[in-house]
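Q: Going by the UniProt record's numbering, the residue at position 55 of the sequence shown is 55; the numbering climbs one at a time, nothing skipped. Once you've had a glance at the structure underneath, I'll fire off some questions.
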Amino acid sequence: MFGPQGGEMSRSKVKNNVLPGFTPALGYTVFYLSLIVLIPLSSLFFKSATLSWNDFLVAVSAPRVLASYRVTFGASLAAAVVNAFFGVLVAWVLVRYRFPGRKLVDALVDLPFALPTAVAGITLASIYSYNGWLGRYLEPRGIKIAFTPLGIVIAMIFIGLPFVVRTVQPVLEELDQEIEEVASCLGASRWQTFRRVLLPTMLPAILTGFALSFARAVGEYGSIIFIAGNMPMVSEITPLLIITKLEQYDYTGATAIATVMLVVSFLMLLCINLLQKWSRRFAE
């Protein structure tokens, strides 16, 4: 009595299941992640483990290394904050307004994704150098961008802006404008409508875009070395210092610094994810 029904139910489950099954799918997933992510990262830790604890501390706390940390993480944080603000502004304009050339502007947002980072670095350096299009007007007024830490921030802003725009834009498209009209009818000002109605909904997306922009900036190399000046203790980023140590055949020192970068980046992303989780509960 129950046999045919059970057979039909099992056959219907098999028909509705697109993947070959939980066990093979999980096995392929673990294998792929191990091959692409876990094995390379674990080799980094194993190579660093060849150093004693004192040697590891000396390698990762040298004055030149600490200066590169400050430049890399400080510039990445500044660029991510700028992108979080202007990325929301750009996404708002693209979603809420219709104007000539809107599709062109929308396409230009993705330009840093397609443009080779070396080309971006050379372009920014030529624009902001002393005889560049903008540098010739800025440097006589005391604003020097090329070959300074400020140039690093500019390059990080360039490569990180699309992450915020593309993360916030779908959320804005799903927001019903009638909610804003209701808030306005109830006497809310524009600032109150944005702060109490729109921002709680947008906040998880903004934090996600901020995290992606920050993570992208921390690991950026190609677009920065051409505009940074690469002066030790002043404008040298940590990825460049790692490359320098590899060129000097100091593999253990390079892996030790890379391990610190990996751990700090992971902790920051973990904190941001926890903040996103809190913001979602706050929005609910």
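Built from N, CA and C at the ideal position, the CB exists for glycine as well. Keep in mind the model is a prediction, meaning the values are calculated, not measured.
(1) When you compare each of Val197, Ile157 and Ser52 to aspartate 176 by their alpha carbons, which one comes out closest?
(2) Please return the same chain residues whose Cβ sits closer than 7 Å to the Cβ of threonine 193, not counting the five positions on each side in sequence.
(3) By how many angstroms is the C-alpha of threonine 238 removed from the C-alpha of valine 93?
(4) Give me, in chain order, the residues of the same chain whose beta-carbon lies closer than 6 Å to that of alanine 78; leave out the 5 immediate sequence neighbours on both sides.
(5) Could you confirm whether any beta carbon from chain D is found closer than 9 Å to the beta carbon of glycine 219?
(6) Is the Cβ-Cβ distance between valine 164 and alanine 217 less than 9 Å?
(7) Are the CB atoms of threonine 208 and threonine 167 nearer to each other than 9 Å?
(8) If I measure Cβ to Cβ from glutamate 173 and keep anything under 7 Å in the same chain, skipping five residues before and after, which residues do I get?
(9) Output the boundary residues of the alpha helix (DSSP H) element that contains tyrosine 28.
(10) Just the Cα atoms here: how many angstroms apart are glutamate 139 and phenylalanine 31?
(11) Secondary structure at methionine 233, three-state DSSP: helix, strand or coil?
(12) Thinking C-beta only, is proline 170 closer than 9 Å to valine 109?
(13) For proline 200, which of Pro63, Leu275 and Pro112 has the nearest alpha-carbon?
(14) Checking 9 Å against the spacing of the C-beta atoms, do valine 264 and proline 149 come in under that value?
(15) Assign glutamate 173 to one of three DSSP states: helix, strand, or coil.
(16) Assuming leucine 246 and alanine 256 make a contact with CB atoms under 8 Å, what is their CB distance in whole Å?
(17) I'd like the span of the alpha helix (DSSP H) that includes tyrosine 130, first residue to last.
(18) Report yes or no: do three or more beta-carbon pairs, one from the segment 215-232 and one from the segment 115-132, lie closer than 8 Å?
(19) Which value, in whole angstroms, describes the spacing of the CA atoms of threonine 259 and valine 60?
(20) Quick check: the Cα distance between arginine 70 and alanine 80, rounded to an integer number of angstroms?
(21) Which of helix, strand or coil does DSSP assign to aspartate 250?
(22) Please classify isoleucine 242 as buried or exposed, where buried requires at least 16 other C-beta atoms within 10 Å of its C-beta.
(23) So, are the CB atoms of phenylalanine 56 and serine 48 less than 9 Å apart?
(24) DSSP three-state label for threonine 244, please.
(25) Are there any heavy atoms of the ligand GTP lying less than 8 Å away from the beta-carbon of phenylalanine 99, as far as the coordinates show?
(26) Check whether the Cβ atoms of glycine 151 and alanine 67 sit closer than 9 Å, and answer yes or no.
A: In brief:
(1) Val197
(2) Glu180, Ala183 and Ser184
(3) 36 Å
(4) Val153
(5) Protein chain content of the structure displayed is limited to a single chain, and chain D is not contained in it.
(6) no
(7) yes
(8) Val95
(9) 22-33
(10) 53 Å
(11) coil
(12) no
(13) Leu275
(14) no
(15) helix
(16) Incorrect: roughly 12 Å between the Cβ atoms, too far for contact.
(17) Careful: tyrosine 130 lies outside any alpha helix (DSSP H) and carries neither H nor E.
(18) yes
(19) 9 Å
(20) 15 Å
(21) coil
(22) buried
(23) yes
(24) helix
(25) Absence of the ligand GTP is noted for the structure shown, with no ligands found whatsoever.
(26) no
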